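**Q**
Residue numbers (our numbering): 1 to 210.
#1: Do you know how far the Cα of residue 86 is from the Cα of residue 131?
#2: In chain order, which continuous runs of the alpha helix (DSSP H) of length 4 or greater are located wholly inside the stretch 18–79?
#3: How long is the line joining the alpha carbons of residue 153 and residue 117, rounded to whole angstroms?
#4: Quick check on this structure: which residue in 24, 18, 48 and 162 has the alpha carbon closest to the alpha carbon of residue 38?
#5: So for residue 1, helix, strand or coil by DSSP?
#6: Within a Cβ cutoff of 6 angstroms, which residues of the same chain sit near residue 129, ignoring the five residues on either side of it in sequence?
#7: Just mark residue 12 as buried or exposed, buried being the case when its beta carbon has 16 or more other beta carbons within 10 Å.
#8: Going along the chain, which residues of its own chain have a beta-carbon closer than 6 angstroms to the beta-carbon of residue 136, five neighbours each way excluded?
#9: Contact check, residue 21 vs residue 33 under 8 angstroms by CB: the rounded distance?
#10: Just mark residue 185 as buried or exposed, buried being the case when its beta carbon has 16 or more other beta carbons within 10 Å.
#11: Helix, strand or coil for residue 211 per DSSP?
#12: Quick test of the definition: if touching needs 3 or more C-beta pairs under 8 angstroms, does the stretch 70–83 touch the stretch 108–117?
#13: Determine the direct distance from the alpha carbon of residue 23 to that of residue 54, and round the result to whole angstroms.
Take a look at the structure:
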């Protein structure tokens, strides 16, 4: 049964595994990060079920799909460029004397692949932000909104190394956000907005006849 308590536990564990799995590039850490992603998705699904708002889960699914598709397409461009550069992409081997002439084409194809990956990260980040902002609004845990904002800034800055660091920090903040989830919906009411309506003036005293 979907509960906020289960979402809290799964989300914390999943986010921790994502943080750990993204530190080192190896198959073992990839599996750790994949398990963390699955647990985080289950946690978000539980939250969506508790509040009967499937857009929360749908947006984070789109985030994952956009990331995966973008990375795959970008990687295909880069690998194809490398194979073409060394002559493996055609039936006619490239002679060593021809390699310098292909440098421009190689660089352009690699840049196109990297640009595709960068664009996919930015697009997917907007869907993650929509999901996390909805969770923040439903649960009153504003830390989700902070994590989403930091993630989307990091996505834009992945063109330089600092962007990946910001995304990693965003997942650390996500751990904190899940830890702040209430145990049930009764305690999950968002803070009430202050009213701008001024109280009515007190009744004036009746005038005494002269």
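The beta-carbon is built from N, C-alpha and C at its ideal position, and this holds for glycine as well.
Being a predicted model, the structure only gives us computed values, none of them experimental.
**A** Inspection of the coordinates gives the following:
#1: Residue mapping note: residue 131 aligns to position 131 of the chain shown, counting from 1. Residue mapping note: residue 86 aligns to position 86 of the chain shown, counting from 1. Straight through space, the alpha carbons of residue 86 and residue 131 are spaced by roughly 44 angstroms.
#2: Complete alpha helix (DSSP H) runs here, min 4: 27–50.
#3: Counting from 1 along the chain shown, the entry for residue 153 is found at position 153. Counting from 1 along the chain shown, the entry for residue 117 is found at position 117. Spanning the two alpha carbons is a distance of roughly 16 angstroms.
#4: On the chain shown, position 38 is the one that residue 38 refers to. From the listed residues 24, 18, 48 and 162, the smallest Cα separation to residue 38 is found for 18.
#5: Counted from its first residue, the chain shown places residue 1 at position 1. Looking at residue 1 - three-state DSSP - the assignment turns out to be coil, as it is neither helix nor strand.
#6: Reading the chain shown from its first residue, position 129 is the one you call residue 129. When the five nearest sequence neighbours on each side are left out, the beta carbons in the same chain lying within less than 6 angstroms of the beta carbon of residue 129 are those of 148 and 152, in order along the chain.
#7: Residue 12 sits at position 12 when you count from the first residue of the chain shown. Its Cβ being crowded by 16 or more others within 10 Å, residue 12 is buried.
#8: Here residue 136 refers to the residue found at position 136 of the chain shown. If you ignore the 5 residues before and after residue 136, its C-beta comes within less than 6 angstroms of the C-beta of 142, 144 and 145, all in its own chain and listed in chain order.
#9: For this step, residue 21 is matched to residue 21 along the chain shown. For this step, residue 33 is matched to residue 33 along the chain shown. That belief holds up - the Cβ atoms of residue 21 and residue 33 are roughly 3 angstroms apart, short of 8 angstroms.
#10: Within the chain shown, numbered from 1, the residue matching residue 185 stands at position 185. Flag for residue 185 reads exposed.
#11: Because the chain is modelled from 1 through 210, residue 211 falls outside the range shown and cannot be assessed.
#12: Proximity of the stretch 70–83 to the stretch 108–117 meets the contact definition, three or more beta-carbon pairs being nearer than 8 angstroms.
#13: Taking the first residue of the chain shown as 1, we reach residue 54 at position 54. Taking the first residue of the chain shown as 1, we reach residue 23 at position 23. Each residue's Cα considered, the two are about 31 angstroms apart.
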